Amino acid sequence: MSTAPIAISNTIVQLPDQTTATLPKRNYINAESGMLSWLLTGDHKRIAMLYLASITFFFFIGGAFAGAIRLELLTPQPDLVASDTYNKMFSMHGIIMIFLFLVPSVPATLGNFLIPIMIGAKDLAFPKINLLSWYLYMIGGTLTLAALVLGGVDTGWTFTTPLSTHYLNTHVITAASAIFVAGFASIFTGLNFIVTIHRMRAPGMTWFRMPLFVWSNYAASILMVLGTPVLAIALVLVALERTIGIGVFDPTKGGDPLLFQHLFWFYSHPAVYIMILPGMGVISEVISTFSRKRVFGYTAVAFSSVAIALFGFFVWAHHMFIMGVSNFSALVFSLLTMLVAVPSAIKIFNWAFTLQKGSITFETPMLYAFAFIGLFTIGGLTGVFLGSLGLDIHLTETYFIVAHFHYVMVGGMLMAFLAGIHFWWPKMTGRMYPESVSKLSAIISFIGFNLTFMPQFILGYLGMPRRYHAYPADFQVLNVLSTAGATVLGVGFLMPLLYLGWSLKYGAIAGNNPWQATGLEWQIQSPPLTENFLVTPIVTQEAYDYEWLEKKTKQEVTTVG
Amino acid sequence: MHISPVLWQFLVKWLHASALFPAEASTIAPYTDALYFFLLLITVIGLVLVGALIFGFSIRYRRQRNPVATQVEGSTLLEATWTIIPLAIFLVVFVWGAVLYFRIYNPPANSMNIYVIGKQWMWKAEHPGGQHEINSLHVPTGRPVQLTMISQDVFHSFSIPEFRVKREVVPGRYSTVWFNATTPGTYHLFCTQYCGTQHSGMIGEIVALTPEDYEKWTQQSTSGMSLAQNGERLFASMGCNACHNGTAAARGPSLAGVYGSHLTLSNGSQVLVNEAYLRDSILNPSQHVTAGFAPIMPTYQGQISEDGLIDLVEYIKTLNSNYRVQQTYVTSQSNQAAPTTPSEMVKP
Amino acid sequence: MDNLIASPHALEDQELMPGETVVHEPHTLLPQHRHHFETEEQQREAGSFGMWLFLLTEIMFFGGMFFAYLLYRNWYYPAFAVASNQLNVPEGAINTAILITSGFCMALGVWAAEVRKKKFLVLMLVLTTVFGVAFLGVKVDEYHEKYEHHHIPGASFSIAEFVNPAAYHIDERPLSPDMAQHTQLFFFLYFAMTGMHALHMIIGIGILGWLIWRANRGEFSTGYVAPIENFGLYWHFVDIVWLFLFPLLYLINRHLAH
């Protein structure tokens, strides 16, 4: 033969022959039909799809508010909407994005769908509680929309007292009860995950054979179960304070407004990790699959998730450095904040070194994962700026902090969510998304994102305060850049909605394992059967064991052949 | 923190001209900026490092070049490296940040004090000489200025980006911040804590003046009465002098020279008398009963505005002797006694 | 086998796919067995583990209020001491006894279910309910007393009793008006905490009613005791919360009384 090198494809995608391939006759989607079969389902996969549809709906509502906010900030003058309208817009943007999108995003959709399958179980431990969780989420969502339709709420998502208790006449109680109810949805999801992971693992699925996605969701679940009730009680107290006005948070009546800050941030800081940890799990799966390599330092990555969850509970007061916490607690909380940054750094480097000696391909999920790593590095390191006591004084409550948490939440979490959605889309629907257009949208999102939020770091250091309806004219150039970026970003987020919808009908048939990935979820049909496994799997291989997969594939070929 | 002054000036000039960077107008600002640039450097290095690893590996180990992956378990040595190095950097940042924090929040002893009241949606500044300002604050350069701040309603936050200082203004308790302006000019003043509808309207300007100009401004804008003088008037009209007059029979403790002293309370604890203590003991007297006195003082919660409280506090701070207190009290007693005379005359 | 078909869960078993390989052994699998569990043991463990986790969230929920209580008690000690003395200790003590008895009945109920004594189980659940209702009854009486004394925070709250206790024949040192105001904080937290506790009791009694109905049909006398056990955990948790509330609200300041 000639010396021409054998062309190696730059993709690992292996699809069945499209001329003969069909979706499996029986799967969880067509197992039952009719609206009721979805609304009363106990199947974790169907509940995941219900969640996916609902969080997407709320994401685009929250996104619309973001767009309106950026449009208003195009000019320094308060000209597009009135001040209280603007305040209601950013409050709604925050409440919807945090409580109705980011908190449930990965756990309630991908986690719900995948955790039982990944550990070889037929369902979550409590299917009815899982369904209840979705209904609670929907009630919370409906109450949020009710607060919006009735006239809105303008507390900001932080419900700062005494502003929220005594100085506003908007639908605070409606919004607070929305969050209260949605909080229980999150508690039940977390509880279900913890019990499932502890008690339902298949034979041979030891803790250190679990995919890292399961580990990170486990860590996030601990935070959900222990943190959310504290937020619930804080909101109950706010509601009681508004109705009977005793003054628990009102200094003129002897109350302590800082008490609310403590209770609120005791949940809301761990909430940041509730949002980001599951996203980190997605990244571990994606990076490993597309570099055909076991995650570098599996144990370190697994434990760093748990470390983040534990440390995450003891850093809440770093939101209050300028509010007059004692010097001692300022020091302790700053130090702990520095410590919590370390596990994140470990993860970043472990992911980077997973690539080393791999055999890397660049499908869309991988592009999103790269975007995640870059943006999360920036988001994480700018967090160190804010955790450092002296610099926090200048930076807090400015656009620097806005940019920082958007880098973590959007640049990190949303990118991870999109990576995960693309990665498991073939498993969830049985069909592939269109590859080139999705790559384009990943690149558009990345560019749009940086254009939107990079100028906000500079604005923040210049001193532009957050939640400002009007701003001094010298900040305009950067604001225009940011708004321009937001339009690009909007396009980047709308595109997946369109082509993923398209792919439901026209996408290529994916087959069981288009990515040649090792997780148990890839060893069953796509979309899976209602009970996931025909035979309870017995696990003998470690996570991310590509040699095992190769052997298994060969065996299948020989037995079939 | 020791950067060559030439390089420093160049950096500042360049960054200022391109409006990526606020002016440095206080003595604190260079310290904050030094930490900021250090962290910026760390961020850039971190990002370049991560980027180099990702792109480097992506190119070197892409599927076309490396069709078969080599499995690697991990490396304790490498992992220890990227645990310890970031940890060390973060600890340096922690110490540096803490030092800066205490520098920003611990005022020098010789600083002049200006009171600031925040309320929806304006800033009110009260100078010791009685000058009042709304949404602006005139300060002298080259002299440490401490702001004692309080909110009348919700949380506000007093921020001067060009000075790199900011502090939450909380209802019900004094918070302080200090700065030493270096360059005369007009700077932004923002409320950075969301405080309701007109939050973005709660802005103003900080006017830093040379000491001579500041002196001129003080003389031109005085209302004639200093805060302490206002306080003296209020002290008499509220009848405080009936008890706090320093006489042997007085039912309340003497207030002369009380500011800055250490008091023993009736529950045995020792307290330092500062502005916050004085304000609190007017509003919640039963929690601040001086040893040897009965808890008979009524609360003045809701009866004196924050401005009035500031006047009283300033007055008590200046009080060195009880001479004038007693004089005023005796006069008021005789004034009250006077009207009784005519009615007695009517009697047969 | 009639039992199997009558059970609502039998339906789920029939839904199993044709290819399902889990072996069905009706004589070893309870009708209440959910198909997604491998074994009954797994199902039972999962249930009780879930319950423990739920109780953990409950602890955090009450923890927020306990934290607020301790903070303000520390700040406004005299007001909290005097206000605490206004609580009805005998009624509180009776309630403690009632609740402990109720918890004891519940524990007996769990035992009855485990040894499959249907009648005894129903009796114990009924007794648990009766004591639970009795607790609420006493609580209503206490709340009513607070109403009469204007101790309910809000518009009708009056500090008169604390400023001038002698006029109300209360053996306490008078509080200055500003300190007396803070008794309202105490009563607010008292109502928030005991009210939240009572709400848990009411929910528990509702579930008890449902359990009695099911126990009466013999559902828990066949070795399927998980719901009784898990509810027992919940009920004991509610007891324990009260065992913290009673000393913290009623007793802790007693020594100050003359």
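Protein chains in written order, with our numbering: chain A, 1 to 561; chain B, 1001 to 1348; chain C, 2001 to 2258.
Using N, Cα and C, we set each Cβ at its ideal position, and we do this for glycine too.
Everything numeric in this text was worked out from a predicted model, so none of it was measured.
Per DSSP, cross-strand counterpart(s) of residue i
i, result
"VAL1145/B", "MET1112/B, PHE1179/B"
"GLU1133/B", "ALA1125/B"
"GLN1270/B", "THR1264/B"
"ASN1245/B", "Partner(s): none; ASN1245/B has no beta bridge."
"GLY1185/B", "ALA1208/B"
"SER1159/B", "LYS1166/B, PHE1190/B"
"SER37/A", "None; SER37/A has no bridge partner."
Local Cβ density within 10 Å of residue i, reported as buried at 16 or more and exposed below that
i, result
"LEU35/A", "Per the sequence presented here, residue 35/A reads as Met, with Leu not at that position. Exposed, by the Cβ-count rule."
"VAL1068/B", "exposed"
"GLU72/A", "buried"
"ILE2005/C", "For ILE2005/C, the predicted structure reports a pLDDT of 35, less than 50, and the residue's modelled location is therefore unreliable. A value from the coordinates is still provided. Per the 10 Å Cβ criterion, exposed."
"LEU144/A", "Note that residue 144/A corresponds to Thr in the displayed sequence, not to Leu. Label assigned to THR144/A: buried."
"TYR506/A", "exposed"
"VAL2238/C", "buried"
"ASN1267/B", "exposed"
"HIS2027/C", "Legend: pLDDT at HIS2027/C = 44, less than 50; position of this residue unreliable, no value from coordinates given."
"VAL149/A", "exposed"
"HIS2144/C", "exposed"
"GLN1220/B", "exposed"
"VAL557/A", "exposed"
"PHE1055/B", "exposed"
"SER1343/B", "Because the pLDDT of SER1343/B is 47, which lies under 50, any placement of that residue in the model is unreliable, and the number read from its coordinates should be weighed accordingly. SER1343/B is exposed by the Cβ-count criterion."
"TRP1973/C", "Because chain C is modelled from 2001 through 2258, residue 1973/C falls outside the range shown and cannot be assessed."
"PRO251/A", "buried"
Where residue i meets chain C, residues with beta-carbon distance less than 9 angstroms
i, result
"PRO1298/B", "SER2176, PRO2177, ASP2178"
Nearest-angstrom Cβ-Cβ length linking residue i and residue j, presumed shorter than 8 angstroms
i, j, result
"ALA175/A", "ILE283/A", "Wrong, their Cβ atoms sit about 33 angstroms apart, outside the cutoff."
"PRO229/A", "MET2060/C", "4 angstroms"
"TYR399/A", "GLN456/A", "4 angstroms"
"LYS293/A", "THR354/A", "6 angstroms"
"VAL195/A", "GLY2050/C", "5 angstroms"
"GLY1129/B", "THR1222/B", "5 angstroms"
"GLN2181/C", "MET200/A", "Actually they are not in contact, since the Cβ atoms of GLN2181/C and MET200/A sit about 54 angstroms apart, beyond 8 angstroms."
"THR2260/C", "LEU2208/C", "Because chain C is modelled from 2001 through 2258, residue 2260/C falls outside the range shown and cannot be assessed."
"PRO1107/B", "THR1141/B", "Wrong, their Cβ atoms sit about 16 angstroms apart, outside the cutoff."
"ALA2113/C", "VAL2225/C", "4 angstroms"
"LEU235/A", "PHE303/A", "Not confirmed; about 33 angstroms, so no contact."
"HIS1288/B", "LEU1265/B", "6 angstroms"
Residue i: contacting residues in chain A (beta-carbon distance under 7 angstroms)
i, result
"ASP1153/B", "TYR167"
"TRP1082/B", "ALA345, ILE346, PHE349"
"VAL1366/B", "This structure leaves residue 1366/B out entirely; chain B is present only between 1001 and 1348."
9 angstroms Cβ cut-off: residues of chain A touching residue i
i, result
"ASN1066/B", "LYS357, GLY358, SER359, ILE360"
Chain B residues whose Cβ lies nearer than 8 angstroms to that of residue i
i, result
"TYR368/A", "Simply none; closest approach about 13 angstroms."
Under 8 angstroms from the C-beta of residue i: neighbouring residues of chain C
i, result
"SER1286/B", "PRO2078, LEU2175, SER2176, ASP2178, MET2179"
"PRO1295/B", "SER2176"
"MET49/A", "What MET49/A touches in chain C: nothing, since even the nearest Cβ is about 18 angstroms away."
Within chain C, the residues that residue i reaches when beta carbons sit closer than 7 angstroms
i, result
"LEU259/A", "ALA2068, LEU2071"
"PHE126/A", "GLY2050"
Where residue i meets chain B, residues with beta-carbon distance less than 9 angstroms
i, result
"THR382/A", "LEU1039, THR1043"
Check whether the segment 1166-1184 of chain B and the segment 1090-1102 of chain B are in contact - that is, three or more C-beta pairs closer than 8 angstroms.
no
Using 8 angstroms as the cut-off, can you tell me whether the segment 121-138 of chain A makes contact with the segment 180-195 of chain A, which would need three or more C-beta pairs spanning the two stretches below that distance?
yes
Three-pair Cβ contact test at 8 angstroms for the segment 159-167 of chain A versus the segment 71-85 of chain A:
no
Contact the segment 427-438 of chain A vs the segment 472-487 of chain A: 3+ CB pairs below 8 angstroms
no
Could you tell me whether the segment 1036-1056 of chain B touches the segment 511-526 of chain A, using the rule of 3 or more Cβ pairs below 8 angstroms?
no
Does the segment 2121-2140 of chain C come into contact with the segment 2091-2105 of chain C, if we say contact requires no fewer than three beta-carbon pairs (one atom in each stretch) closer than 8 angstroms?
yes
Do three or more CB pairs link the segment 358-375 of chain A to the segment 1025-1041 of chain B at distances below 8 angstroms?
no
Is the segment 202-222 of chain A touching the segment 107-120 of chain A, taking contact as three or more C-beta pairs under 8 angstroms?
yes
Decide yes or no for the touch test of the segment 239-248 of chain A against the segment 378-388 of chain A: beta carbon pairs closer than 8 angstroms, at least 3 of them.
no
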